[in-house]
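Just so we're aligned, residue 86 is where the first sequence starts under the working numbering, counting upward by one. Heads up, the beta-carbon is just placed ideally off N, CA and C, and yes, glycines get one too.
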Amino acid sequence: MKQRPTIVWFRNDLRVEDNPALRAAVDRGAVIPVFVWSPAEEGKWSPGGASRWWLHHSIISFDDRLRKLGSRLILRDEPSLVALRSIIKSTKAQGVFWNRRYEPAIIKRDAQIAEQLRADDIEVKTFNGGLLFEPGSILNKSGGPFQVFTAFWKTCLRQPPPQRTPTPQTIPAPKSWPRSQNLKSLQLEPVIDWSAGIRDAWRPGSEEAQKRLRKFVKGPLSNYEVGRNQIDIDGSSRLSPHLHFGEISSGQVWRAVMKSGAATKKSTQVFLAEIGWREFAHHLLYHFPETTDQPLRDSFKRFPWSHDARALRCWQTGKTGYPIIDAAMRDLWSSGFMPNRARMIVASFLTKHLLIPWQEGAKWFWDTLVDADLASNTLGWQWTAGCGADAAPYFRIFNPILQAQKFDPNGAYIRRWVPELEALPTPWIFKPWEAPAKIMRSANIRLGEDYPEPIVDHTEARTAALSAYDSIR
DNA sequence: TGAAATGTTGGGGCG
DNA sequence: ACGCCCCAACATTTC
């Protein structure tokens with residue numbers, strides 16, 4: 086064993102299990118776990134409000150876990166290189182290990198930091214701790230990146246499955262600990278406490294991630310193909326924020342699902358394909374770093390978007406007059422989450438009914454989702470708008486009424502999040518503006534006062550969208 | 001990981 | 001009994 090400790094620079098990999106950077110450092114001897122809060126280095130895509138809330142609590146949970154293994158988490162809020170150099174100096178650390186991230190700004194920053202540290206004669210080792218397959222390693226026959234999901238995923242499935250990294254039973258402490266700031270000083274929690282809804286819905290940390298995984302594999306997994314679309318029930322795993330912060334690895338999820346004994350079942354395959362979409366998103370962002378802000382397809386740079394601030398505000402605050410849209414947007418604002426089916430419906434509405442740029446939707450999701458992930462968010466919005474890889478065709482315009490009838494058939498989700506419509510009988514709750522006056526009176530709803538009139542007419546909006554898309558063909 | 005428009009079919013009402 | 005029309009119900013195509 087070496088005398089000098091190794092720094093493990095934790096980022097979106099806040100776990101002890103299946104963590105290659107941590108494992109490699111433990112094998113060397115003493116370890117100094119470090120987390121640096123330096124959002125400016127992430128540019129315009131630094132963590133949003135909901136993500137910061139999550140991070141605050143995830144750090145508490147992770148520090149607890151480390152302490153049980155004889156270690157602790159050192160916190161800093163200064164530029165990453167400054168923090169690492171200062172810790173190296175005060176602890177005589179011999180090296181810095183970390184698991185790679187693949188966001189464009191982070192790749193650039195990490196490359197610079199690695200170069201500087203190596204110039205200081207510090208050993209730098211980086212690992213793949215976040216993805217099943219390394220971006221850049223999955224290529225089509227002509228050596229380029231895949232732009233169609235099924236071809237990409239088929240190729241992935243032919244690769245050897247990622248191996249589990251053994252969990253350290255103890256994490257050797259250094260002779261002395263460097264200075265650490267307290268968590269409060271990072272100011273991750275909101276000044277005005279808006280997080281009550283999120284607190285009720287989520288518990289950050291690895292332990293909870295493992296619990297959710299076990300519960301999901303035991304129950305909803307077998308019905309995932311159908312259940313994931315049922316907005317009122319939500320048969321999804323809800324692992325996305327845990328995966329984003331690396332509280333659980335995609336490999337752990339993968340293996341738990343494969344071991345469940347239903348590996349060949351359709352529902353299992355469909356679920357694994359969702360993990361596949363997460364991979365696909367990261368690989369695409371790696372190959373096309375500008376797509377966080379620019380459409381992948383050039384023709385969309387000419388798209389006649391509408392910059393209607395008032396309509397955007399209606400969408401954000403859940404006041405569009407379309408109950409399923411408003412329910413989902415209020416769910417997001419309150420709980421920091423939205424079922425995937427609902428995400429597709431509201432995203433289609435923003436880009437196609439309101440013709441508002443997908444970037445506006447991406448920004449809003451980025452700030453409000455607890456699972457906000459630059460790769461997945463970028464792919465999702467470009468997919469919806471029709472300007473991305475393997476995107477929904479321009480003519481695929483969700484009908485918010487039909488989608489609600491199909492996936493929230495009893496209106497339970499709408500009633501939960503749009504309580505002013507609670508008394509409206511089910512056939513009308515999807516389209517209150519068509520309800521007979523008598524029904525509206527007995528439900529005690531005055532359209533335009535208690536609940537908004539629809540901000541656009543579906544049929545007109547659809548026609549307008551089709552001609553807008555036609556204009557760039 | 002749609003929806004709407006258009007086309008086709010076949011049963012039943014009716015003269 | 002027969003032909004005609006209407007129109008669900010389903011299929012296909014178009015956006």
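| Query | Result |
| --- | --- |
| Nearest-angstrom Cβ-Cβ length linking Trp139 and Pro289, presumed shorter than 8 Å | 5 Å |
| Residues bridged to Tyr554 [DSSP beta-bridge criterion] | Looking at the DSSP assignment, Tyr554 forms no beta bridge with any residue, so it has no partner. |
| Complete runs of the alpha helix (DSSP H) confined to the segment 393-463 [at least 4 residues] | 394-402, 408-420, 425-433 and 443-453 |
| C-beta contact flag for Ala457 and Gly133 at 8 Å | yes |
| Phe492 to Asp317 span [Cα, whole Å] | 7 Å |
| In chain order, each alpha helix (DSSP H) run of at least 4 residues that lies wholly inside the segment 200-249 | 234-242 |
| Closest by C-alpha distance to His438, when choosing among Arg547, Ala396, Tyr536 and Gly533 | Arg547 |
| Any 3 or more C-beta pairs closer than 8 Å across the segment 118-137 and the segment 361-370 | no |
| CB contact flag (Gly496, Leu381, <8 Å) | no |
| Start-end ranges of the alpha helix (DSSP H) lying completely within the segment 274-360, minimum 4 residues | 281-286, 291-303, 309-312, 325-329 and 335-344 |
| Minimum C-alpha distance to Gln88 - residue among Asp112, Glu102 and Leu107 | Asp112 |
| Alpha-carbon spacing of Leu268 relative to Phe147, whole angstroms | 12 Å |
| Contacting residues, own chain, Cβ-Cβ under 7 Å from Gly336 (five flanking each side not counted) | Asp103, Leu217, Pro247 and Arg249 |
| Span of the beta strand (DSSP E), counted from its first residue to its last, around Leu647 | For residue 647 there is no data in the structure shown, the boundaries of the chain being 86 and 558. |
| At least 3 beta-carbon pairs within less than 8 Å: the segment 253-260 vs the segment 401-412 | no |
| Cβ neighbours of Ile540 in the same chain (closer than 7 Å, five flanking residues each side left out) | Ala396, Cys399, Thr405 and Gly406 |
| Proximity of Ala286 and Gly403 at Cβ, strictly below 8 Å | no |
| Pairwise C-alpha distance: Val209 and Ala199 | 6 Å |
| Close-in-space but distant-in-sequence residues of the same chain around Ile482 (CB under 7 Å, 5 per side omitted) | Ser433, Lys437, Arg547 and Ala550 |
| Buried or exposed by the 16-neighbour rule on C-beta atoms within 10 Å, applied to Ala470 | buried |
| Whether Ala348 touches Ser307 by CB criterion (8 Å) | no |
| Contact check, Tyr187 vs Pro230, beta carbons under 8 Å | no |
| Distance CB(Trp94)-CB(Leu169) smaller than 8 Å | yes |
| Between the CA atoms of Pro326 and Val455 - distance to the nearest angstrom | 6 Å |
| Beta-carbon proximity of Ser156 to Val121, cut-off 8 Å | no |
| From Arg501, His543, Pro494 and Arg500, residue whose alpha carbon lies closest to that of Trp44 | Residue 44 lies beyond the stretch modelled for the chain, which goes from 86 to 558, so this question has no answer here. |
| Within 8 Å, strictly: CB atoms of Thr252 and Val101 | yes |
| Among Asp98, Thr353 and Asn484, the one whose alpha carbon lies nearest that of Glu310 | Thr353 |
| Trp139, DSSP secondary structure in three states | helix |
| Residue from Arg137, Arg96 and Asn484 whose Cα sits closest to the Cα of Trp279 | Arg137 |
| 6 Å CB neighbourhood of Val233 in its chain, flanking five on each side removed | Asp475 |
| Backbone CA spacing between Lys303 and Met343 [nearest angstrom] | 12 Å |
| Bridge partner(s) assigned by DSSP for Ile117 | Ile92 |
| Contact set for Glu505: own chain, Cβ-Cβ below 7 Å, skip 5 residues either direction | Ile530, Asp535 and Tyr536 |
| Distance between Ser265 and Asp416 (C-alpha atoms, nearest Å) | 37 Å |
| Nearest candidate by alpha-carbon position, reference Gln490, set Ala341, Trp502 and Pro512 | Pro512 |
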